[in-house]
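First comes the structure, then the notes that go with it.
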Amino acid sequence: MTTLDLIGSSPKFRAVLADVARLAPVDSAVLIQGETGTGKEVIARAIHEASPRRHNRFVALNCAAIPSALLESELFGHERGAFTGAWAQTKGRFQMADGGTLFLDEIGDMPLELQPKLLRALQEREFERLGSNQTVRVNVRVVAATNQDLEQLVNKKLFRADLFYRLNVIPICLPPLRERVQDIRPLTEFFVAKFAVSLNKPIDLIPDELVAVLKAHDWPGNIRELQNFIERAVLFSPGSVLRLPLSLKQTMKPSSESASRTLADADREHILETLKQTGWMIGGQGGAADRLGLPRTTLIYKMRKLGIESRPQRRSQKPIVKTPLLTRGFAAAAAGTL
Numbered sequence: 000m001t002t003l004d005l006i007g008s009s010p011k012f013r014a015v016l017a018d019v020a021r022l023a024p025v026d027s028a029v030l031i032q033g034e035t036g037t038g039k040e041v042i043a044r045a046i047h048e049a050s051p052r053r054h055n056r057f058v059a060l061n062c063a064a065i066p067s068a069l070l071e072s073e074l075f076g077h078e079r080g081a082f083t084g085a086w087a088q089t090k091g092r093f094q095m096a097d098g099g100t101l102f103l104d105e106i107g108d109m110p111l112e113l114q115p116k117l118l119r120a121l122q123e124r125e126f127e128r129l130g131s132n133q134t135v136r137v138n139v140r141v142v143a144a145t146n147q148d149l150e151q152l153v154n155k156k157l158f159r160a161d162l163f164y165r166l167n168v169i170p171i172c173l174p175p176l177r178e179r180v181q182d183i184r185p186l187t188e189f190f191v192a193k194f195a196v197s198l199n200k201p202i203d204l205i206p207d208e209l210v211a212v213l214k215a216h217d218w219p220g221n222i223r224e225l226q227n228f229i230e231r232a233v234l235f236s237p238g239s240v241l242r243l244p245l246s247l248k249q250t251m252k253p254s255s256e257s258a259s260r261t262l263a264d265a266d267r268e269h270i271l272e273t274l275k276q277t278g279w280m281i282g283g284q285g286g287a288a289d290r291l292g293l294p295r296t297t298l299i300y301k302m303r304k305l306g307i308e309s310r311p312q313r314r315s316q317k318p319i320v321k322t323p324l325l326t327r328g329f330a331a332a333a334a335g336t337l
């Protein structure tokens with residue numbers, strides 16, 4: 000498989016890769032279902048790259064991102080004068096993907112009135128542009144994706160049953176990241192390497208305790224959320240060791256008491272290291288608060304909460320001897336008589 004972003008060795012992800020390898024050589028329609036951010040377009044591209052169509056175009060269209068009035072034109076194209084502003088004949092995504100693969104993302108958001116025309120294009124491999132009665136024939140493999148339950152939409156009459164069955168020839172269900180915990184470290188390493196280059200921030204070490212915190216998080220936004228999180232972590236890391244910015248740690252929700260302790264330990268270590276780098280200067284330009292991106296009062300509160308003193312205690316060269324009150328009284332009296 001030539002796609003480079005298929006990272007992971009968890010059993011559920013390996014099962015997905017096995018499905019991709021089996022279905023790639025055929026031309027059957029594929030419906031990829033999964034939560035937001037699970038990598039549906041990445042899998043669609045993997046199917047294309049592993050298929051005989053890989054030498055032709057992979058064309059993607061987000062059905063939810065195009066206004067309903069323009070979606071038909073985006074899919075099938077239009078003739079000059081078909082509507083106001085149509086100054087020239089334009090090819091649609093179906094014709095652009097001829098010989099290759101058309102990826103229809105968020106297919107559950109396609110308007111009901113447009114679904115019959117899509118169904119005909121899938122079944123007959125032909126369509127008419129807007130404003131034309133001339134039939135255009137194409138050879139396109141369609142891979143659709145959605146984060147919605149299409150069967151529920153069919154039951155609610157919000158999605159055509161015949162189109163659902165036509166798209167659902169080969170279903171693939173992508174697991175959420177919380178069910179792929181062992182893939183979090185290799186994904187983190189991949190994103191760190193990627194953003195270290197693009198942000199010019201060399202990162203040489205990813206601490207185990209940081210990975211433990213990442214594994215404890217639920218990641219409702221899945222791989223996309225992890226990717227964005229790592230990008231910010233690389234940007235805000237003060238040195239060559241990956242650190243989670245304190246402002247970001249507050250949004251993490253550890254799923255166990257041990258993970259919570261790990262998060263507190265990571266906080267404490269990060270603050271101590273920054274304080275050492277600034278000579279224990281808390282406020283001001285270049286101080287620890289400035290480097291951590293926190294208000295000075297917030298940093299002081301966190302230090303107290305984590306048991307960090309404002310400055311390490313120094314041992315006095317001459318120990319202070321506490322004189323008993325009675326002895327001090329006699330000493331003062333003696334001094335007064337001299």
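Numbering-wise, the sequence shown is residues 0 to 337 according to numbering that gives the first Met the number 0. Where a beta carbon is used, it is the ideal one built from N, C-alpha and C, also for glycine. Just so it is clear, the structure is predicted and the values come from calculations on it, not from any experiment.
Item, Value
"Nearest neighbour of R4, chosen from A23, L111, P185 [CA to CA]", "Rather than Arg, the amino acid found at residue 4 in this sequence is Asp. Ranking the options by Cα distance to D4, first place goes to P185."
"Reduced DSSP secondary structure (H/G/I, E/B, other) of L121", "helix"
"Sufficient close CB pairs (3 or more, under 8 angstroms) joining the segment 199-209 to the segment 61-69", "no"
"Per-residue DSSP class, three states only, for V141", "strand"
"Cβ pair count under 8 angstroms reaching 3, the segment 125-133 against the segment 83-103", "yes"
"Unbroken beta strand (DSSP E) run spanning R13, endpoints", "R13 -> not in any beta strand (DSSP E); alpha helix (DSSP H) instead, spanning 10-22."
"Expected contact under 8 angstroms - CB spacing of A288 and L298 to nearest Å", "4 angstroms"
"Pairwise C-alpha distance: I281 and K304", "16 angstroms"
"Cβ shell of R295 (< 7 angstroms), same chain only, five flanking positions each side left out", "I281, G282, A288"
"Exposed unless 16 or more other CB atoms sit within 10 angstroms - verdict on F82", "exposed"
"Buried versus exposed call for S257 [16 or more other C-beta atoms within 10 Å across all chains shown]", "Low confidence applies to S257: its pLDDT is 47, below 50, so where it sits in the model is not reliable, and the reading given next is rough at best. It is exposed - the Cβ of S257 has fewer than 16 other Cβ atoms within 10 Å."
"For A258, three-class secondary structure by DSSP", "Caution is warranted here: a pLDDT of 48 is assigned to A258, below 50, making its placement in the model unreliable, and no coordinate value can be reported."
"Whole-number beta carbon distance between G98 and N138, since they are thought to touch under 8 angstroms", "6 angstroms"
"Identity of the residues DSSP links to T277 by a beta bridge", "According to DSSP, T277 bridges with nothing at all."
"Where F102 falls: helix, strand or coil (DSSP)", "strand"
"N167 and T35 closer than 9 angstroms at C-beta", "no"
"First and last residue of the uninterrupted beta strand (DSSP E) at P170", "169-172"
"Three-state secondary structure assigned by DSSP to I229", "helix"
"Alpha carbon of L241 to alpha carbon of G306, nearest angstrom", "23 angstroms"
"Cutoff 6 angstroms; reference S255; Cβ partners in own chain excluding five residues on either side", "In this prediction, S255 scores a pLDDT of 48, lower than 50, which makes its location untrustworthy; the coordinate-derived value is nonetheless stated afterwards. Within the same chain, S255 has no close Cβ partners at all."
"C-alpha gap between L213 and I183, whole angstroms", "7 angstroms"
"Reference I42; option with closest CA among L16, N61, V58, V25", "L16"
"G285 and F235 closer than 9 angstroms at C-beta", "no"
"Environment of E123 [buried if 16+ CB atoms lie within 10 Å]", "exposed"
"Beta-carbon proximity check, F190 vs E224, cutoff 9 angstroms", "no"
"Segments assigned alpha helix (DSSP H), at least 4 residues, entirely inside the segment 154-238", "160-166, 183-197, 207-215, 221-235"
"Neighbour-count burial assignment, G38, 16 or more Cβ in a 10 Å radius", "buried"
"Neighbour-count burial assignment, L74, 16 or more Cβ in a 10 Å radius", "buried"
"Extent of the continuous beta strand (DSSP E) to which Q94 belongs", "Premise fails: Q94 lies in the alpha helix (DSSP H), 92-95, not in any beta strand (DSSP E)."
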